[in-house]
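Trainee: Dumping the structure here so I can ask a few things about it.
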Amino acid sequence: MTGTDNVDNVPVAATPPPCNWHRADILCAIRKAGSSLSALSREAGLSSSSLSNVFYRPWPRAERIIAEFLKKDPAEIWPDRYR
Numbered sequence: 001m002t003g004t005d006n007v008d009n010v011p012v013a014a015t016p017p018p019c020n021w022h023r024a025d026i027l028c029a030i031r032k033a034g035s036s037l038s039a040l041s042r043e044a045g046l047s048s049s050s051l052s053n054v055f056y057r058p059w060p061r062a063e064r065i066i067a068e069f070l071k072k073d074p075a076e077i078w079p080d081r082y083r
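Just so we're aligned: 76 in full-length UniProt numbering is position 76 of the sequence shown, and the numbers increase by one with no gaps anywhere.
What follows is the structure, encoded as structure tokens:
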């Protein structure tokens with residue numbers, strides 16, 4: 001009986017897929033941890049605006065830099081990029 005409740009034969013609601021963190025939540029978490037996106041970029045040897053590209057397209061290196069700083073797994077912050 002996959003996909004239906006066996007009592008009333010009503011479809012069981014699927015668990016919604018996890019959502020990516022909102023850009024503002026990522027920036028806020030970085031600030032709360034004592035840094036900024038531009039500072040993380042510079043510390044990684046990139047130009048100050050480089051890590052902001054992570055908000056517009058997948059970039060595993062940037063995702064890893066941010067996630068490591070936040071002590072998270074990149075898949076927790078951007079789950080739709082790691083399915």
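Note that the Cβ used here is the ideal one computed from N, Cα and C, for glycine as well.
Quantities reported herein were computed from a predicted structural model and do not represent experimental measurements.
DSSP three-state label for P11, please.
Mentor: Strand at P11.
Trainee: Measuring CB to CB, does I77 end up less than 8 angstroms from L40?
Mentor: Not in contact: I77 and L40 (Cβ atoms no closer than 8 angstroms).
Trainee: Going by C-alpha to C-alpha distance, which of N20, K32, S50 sits closest to D73?
Mentor: Ranking N20, K32, S50 by Cα distance to D73 puts N20 first.
Trainee: For S50, count neighbouring C-beta atoms within 10 Å of its own C-beta (all shown protein chains included) and say buried if the count is 16 or more, exposed if not.
Mentor: S50 comes out buried.
Trainee: Please name the residue in F69, A13, I26, P18 whose C-alpha comes closest to that of R83.
Mentor: Among F69, A13, I26, P18, the Cα nearest to that of R83 belongs to P18.
Trainee: R57: which of N9, K71, R23 sits nearest, CA to CA?
Mentor: Out of N9, K71, R23, R23 has the C-alpha closest to the C-alpha of R57.
Trainee: Give the straight-line distance between the Cα atoms of F69 and S48, rounded to the nearest whole angstrom.
Mentor: The straight-line gap from Cα to Cα measures roughly 16 angstroms.
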